[in-house]
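What follows is a set of notes on a single structure, which appears directly below.
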Amino acid sequence: MTAIDLASAPDPLTVDLTDPGTFVRDDLHEMWARFRAERPVHRHPETPGRPPFWVVTRYADAMSVYKDNKNFTSERGNVLATLLAGGDSAAGKMLAVTDGARHRAIRNMMLKSFSPRALQHVVAGVRKRTKDLVGQVVAKDSFDYAREVAEHIPMGTICDLMAIPPQDRPQLLAWNKKTLSSEAENDSLDDQVMARNEILLYFSDLARHRRRNLGDDVLSTLVTAEIDGERLSEEEIIFNCYSLILGGDESSRVSSISTVLAFIQHPEQWRRFKAGEVTTNVATEEVLRWATPAMHFGRRALVDVEVGGERIAAGDIVTLWNTSANFDESVFADPFAYDLARTPNKHLTFGYGPHFCLGAFLGREELKALLDELRENVATMELVGTPERIRSNFLYGYRNLPVSFSAA
Ligand code: HEM
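Residue numbers for the sequence shown follow numbering that gives the first Met the number 0, so the first one is 0 and each next one is one higher.
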């Protein structure tokens, strides 16, 4: 049993979860274990200019809120930043922040483009891109895995998914980087807002063009599909294009970085995997649980409701901490052990219920391609510098990963 020390864990009563600085500490497992043990449904006090909010850390409680779209809504934001700010400008238009019948209709329509069959050519692209990138880096003495491998795969995949013309991709990537949490420290808020607007404008133009040049991509689906005999509005199309970039880029990239780091930190797991003792499918789930890149999501209560014995009032903000639920001792045996062969492994990394990640299949395929490529072509991996953590209360992971690989 891998034990952790609760005695020195941060006190839930004094932890500020609105401060990105909180999440670069090294004792987060201890911190969440103490929340689960002492204050599993904790009322986080207000901070200057921001209202109080609930912090749900046990697996069963988080799941009960994810499932419950009658008593909780995503339409007033689904991450702490927008919930605390009072709402999301894409509410009622973008899938992740839309509820009810409209959410179901848009989701069902988009799901057609996300079925394993429809995604065959996108997955083939993921495999090829991963093979080429890993092939390039094993020949080097050392390199930054984040820059040279991880950042090229998710955006390339989303661009394939939407059939973004190759000549537009570098510009779209540059704008996207400016909007990302992991890069945010380098850019001003104005830069971020401007880049986001550029992306929205770009999709508006592309959607107009696509209507005259239809294909079998997601954007073609969005511009032609009808719900109750009516096309989606311009805003619905644009926001849902943007949501694919938002949803698909950072969390996939960061989980890829965490995968390599976890192998370096757990050489015995690498040896097991390399020796073929664990299948790629089973290992992928542990990689996802261990990485939990999206630390939390959130909702607003629509009515007075009870969660884990606490009374939540209508209008309250409720945050669900996947990063804690995925290590809940009552669900996962020996949760702090990195065990690639772990089964069952019903982690909440992709959420649960009506808003369950639309890109889960693709996210998994990206990791599987990486695992297969590492197993086949890499003998050893080692750190050659100190990776820096992302300062964010949403995204967990590393901005860079200076490493050296030796070829198999
Ligand atoms: C929703 C995580 C990859 C698109 C979600 C949710 C989670 C999540 C936890 C639920 C949000 C909520 O309940 O409010 C992740 C992780 C990924 C990943 C950890 C990678 C490892 C992707 C990819 C795409 C994508 C590759 C698209 C190409 C979406 C969309 C939603 C969503 C559109 C909203 C679904 C809805 O509201 O019905 N994701 N995601 N995600 N994700 Fe992902």
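Where is the CB? At the ideal position from N, CA and C, for every residue including glycine.
Any non-hydrogen atom of the ligand HEM closer than 7 Å to residue i Cβ
i, result
"ILE198", "no"
"LEU179", "no"
"ARG75", "no"
"ARG106", "yes"
"CYS356", "yes"
"TYR397", "no"
"PHE22", "no"
"PRO292", "yes"
"ILE389", "no"
"THR318", "no"
"ILE3", "no"
"ILE226", "no"
"GLY350", "yes"
"LEU94", "yes"
"LEU12", "no"
Cross-strand partners of residue i (DSSP beta bridge)
i, result
"HIS295", "TRP320"
"TRP464", "The structure shown does not extend to residue 464, since the chain is modelled only from 0 through 407, so no value can be given for it."
"PRO401", "ASP143"
"LEU357", "DSSP lists no partner for LEU357."
"TRP53", "ARG42 and VAL317"
"THR379", "SER405"
"ALA149", "None, per the DSSP bridge assignment."
"LEU394", "ALA293"
"GLY76", "GLU74"
Pairwise C-alpha distance: residue j and residue i
i, j, result
"SER63", "GLU276", "35 Å"
"ALA8", "HIS28", "9 Å"
"ARG287", "TYR58", "Going by the sequence as given, residue 287 is Leu instead of Arg. The straight-line gap from Cα to Cα measures roughly 16 Å."
"ASN175", "GLY246", "12 Å"
"LEU373", "VAL133", "8 Å"
"PRO401", "ARG388", "13 Å"
"HIS151", "ILE311", "42 Å"
"MET93", "ASN399", "31 Å"
"ILE157", "LEU357", "13 Å"
"ASP408", "PHE393", "An answer regarding residue 408 cannot be provided, because it is not within the stretch 0 to 407 covered by the chain."
"LEU369", "SER255", "8 Å"
"PRO292", "ALA104", "28 Å"
"SER257", "GLU381", "14 Å"
"ASP26", "ALA32", "10 Å"
"LEU188", "TYR395", "21 Å"
"GLY314", "LEU16", "20 Å"
Classification of residue i by the beta-carbon crowding that lies within 10 angstroms, buried from 16 upward
i, result
"HIS102", "buried"
"GLU284", "buried"
"ASN212", "exposed"
"THR408", "Look at the range of the chain in this structure, 0 to 407, and you will see that residue 408 is not part of it."
"GLN268", "buried"
"PRO153", "buried"
"ASP334", "The sequence given here places Pro at residue 334; Asp does not occur at that position. Result: buried."
"HIS346", "buried"
"ALA206", "buried"
Inter-residue CB distance, residue i and residue j (contact presumed, cutoff 8 Å)
i, j, result
"PRO11", "HIS41", "5 Å"
"PRO297", "LEU82", "Reading the sequence as shown, one finds Gly at residue 297 and not Pro. The Cβ separation is near 5 Å, so the contact holds."
"LEU160", "VAL217", "5 Å"
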